[in-house]
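Q: Have a look at this one.
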């Protein structure tokens with residue numbers, strides 16, 4: 167019996183983009199060929215429908231109107247933060263009026279705590295900007311804000327941040343409703359389920375089909391499926407190997423050389439080679455002088471050597487891998 171290569175591990179480990187790409191390549195290569203095998207057409211159409219449903223689900227999250235609006239509002243509030251921060255810093259250094267300079271130095275105590283707000287994720291940034299505005303709007307800060315001439319920008323920042331929060335909540339509600347209608351995880355499972363039925367049908371027809379022309383068409387379909395499975399398995403294995411190397415590098419980078427194993431607390435340092443005194447009636451021997459280190463070779467501390475680095479770990483995978 168003709169067999170299709172095992173693909174369970176492949177489809178389970180492909181990221182969403184690769185998963186969709188795998189099936190789009192199959193659709194592109196098999197269109198016009200599967201249609202020749204009439205008994206497979208219904209399953210083929212069902213598979214294409216599920217793949218398109220999954221792809222549309224991904225596109226909805228990336229291109230929804232609320233997402234695009236949030237990107238614009240986030241850019242605008244980041245710009246207002248930059249204006250406020252720059253004004254305070256410049257006036258603190260270059261203001262001629264002592265009162266203005268004093269106000270800048272006072273407000274800078276708030277600014278410096280929020281300088282990284284624009285680099286955070288949406289929710290964290292929104293919360294931090296809200297706190298920043300609340301600090302600036304304290305009654306004791308009103309005169310300082312007026313001296314610096316940034317009240318208009320603080321007001322605009324508050325308005326943009328409030329608008330952002332409103333649309334963020336709207337997108338969250340819409341996304342929840344979208345997920346309730348069929349999560350991406352469930353849609354992936356639907357694709358795999360229909361593909362299982364389709365591949366079983368392809369294999370089964372080799373047993374029941376007797377027409378040589380139909381068998382030739384079936385063989386072409388099976389060969390294309392197996393070729394794509396093989397190709398994407400190579401891509402997956404390279405990706406996993408590269409990821410494993412990167413994780414190993416990160417583990418090495420987090421270890422400081424020669425300081426990872428300090429002496430245990432409350433344990434006094436031990437003098438080298440003096441833990442075993444000479445036996446009774448044996449003339450004492452001078453410690454550590456029987457085998458002096460080789461010239462120009464400094465003594466090495468025990469258990470602190472660093473394993474050699476594999477040269478392959480320093481070569482990233484080629485582009486496209």
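In the numbering used here, the protein residues as written are 167 to 487. Glycine included, C-beta positions come from ideal geometry on N, C-alpha and C.
1. So for residue 263, helix, strand or coil by DSSP?
2. Apply the 10 Å Cβ neighbour rule to residue 181 and answer buried if 16 or more other Cβ atoms are within range, or exposed otherwise.
3. Is residue 209 closer than 8 Å to residue 370 when the C-beta atoms are compared?
4. Return the first residue and the last residue of the alpha helix (DSSP H) that residue 292 is part of.
5. Could you tell me how far apart the beta carbons of residue 265 and residue 307 are, in whole angstroms, since I believe they sit closer than 8 Å?
6. By Cβ distance, which residues of its chain are closer than 6 Å to residue 273, with the 5 residues on each side in sequence left out?
7. With burial defined as no fewer than 16 other Cβ atoms inside 10 Å of the residue's Cβ, what is the status of residue 335: buried or exposed?
8. Please say whether residue 191 and residue 394 have beta carbons closer to each other than 8 Å?
9. With a threshold of 16 other CB atoms inside 10 Å of the CB of residue 185, please say whether the residue is buried or exposed.
10. List in chain order: all unbroken alpha helix (DSSP H) runs of 4+ residues lying wholly within the stretch 172-200.
11. Residues in the same chain with beta-carbon distance under 6 Å from residue 391, minus the five sequence neighbours each way, listed in chain order, please.
12. Would you mind working out which of 292, 221 and 212 sits nearest residue 324, comparing C-alpha positions?
13. Could you pull out every residue in the same chain whose Cβ sits closer than 8 Å to the Cβ of residue 239, ignoring the five residues on either side in sequence?
14. May I have the straight-line CA-CA distance separating residue 396 from residue 176, to the nearest angstrom?
15. Nearest to residue 214 by CA position, among 380, 379, 401 and 360, is which residue?
16. Spatial neighbours of residue 406 within its chain, please: C-beta separation below 8 Å, excluding the five flanking residues on both sides.
17. Looking only at its own chain, which residues have a Cβ that is under 8 Å from the Cβ of residue 217, when we skip the five neighbours before and after it?
A: Quick answer:
1. Along the chain shown, read from residue 1 onward, the residue named residue 263 stands at position 97. Coil, per DSSP.
2. Position 15 of the chain shown, counting from 1, holds the residue named residue 181. Residue 181 comes out exposed.
3. To locate residue 370, count along the chain shown from 1; it is residue 204. To locate residue 209, count along the chain shown from 1; it is residue 43. Not closer than 8 Å, so no.
4. Counting from one through the chain shown, the residue named residue 292 turns up at place 126. It spans 288-302 - the alpha helix (DSSP H) in which residue 292 sits, taken as one unbroken run.
5. Taking the first residue of the chain shown as 1, we reach residue 265 at position 99. Taking the first residue of the chain shown as 1, we reach residue 307 at position 141. About 14 Å; that fails the 8 Å criterion.
6. For this step, residue 273 is matched to residue 107 along the chain shown. Within the same chain, residue 273 has close Cβ partners 254 and 310.
7. Locating residue 335 in the chain shown gives position 169, counting from the first residue. Exposed.
8. Your numbering for residue 394 matches position 228 in the chain shown. Your numbering for residue 191 matches position 25 in the chain shown. The answer is yes: Cβ separation under 8 Å.
9. Position 19 of the chain shown, counted from the first residue, corresponds to residue 185. Residue 185 comes out buried.
10. 174-179 and 182-196
11. Working through the chain shown from its first residue, we reach residue 391 at position 225. The answer, listed in chain order, is 170.
12. Counting from 1 along the chain shown, the entry for residue 324 is found at position 158. Nearest option by C-alpha distance: 292.
13. The residue given as residue 239 occupies position 73 in the chain shown. Contacts found: 326, 329, 330 and 333.
14. Counted from its first residue, the chain shown places residue 396 at position 230. Counted from its first residue, the chain shown places residue 176 at position 10. Roughly 9 Å between the two C-alpha positions.
15. Here residue 214 refers to the residue found at position 48 when the chain shown is read from its first residue. Among 380, 379, 401 and 360, the Cα nearest to that of residue 214 is on 360.
16. The residue labelled residue 406 in the question sits at position 240 within the chain shown. Closer than 8 Å at the Cβ level, and outside the excluded window around residue 406, lie 179.
17. Against the chain shown, residue 217 aligns to sequence position 51. Within the same chain, residue 217 has close Cβ partners 186, 189, 190, 193 and 357.
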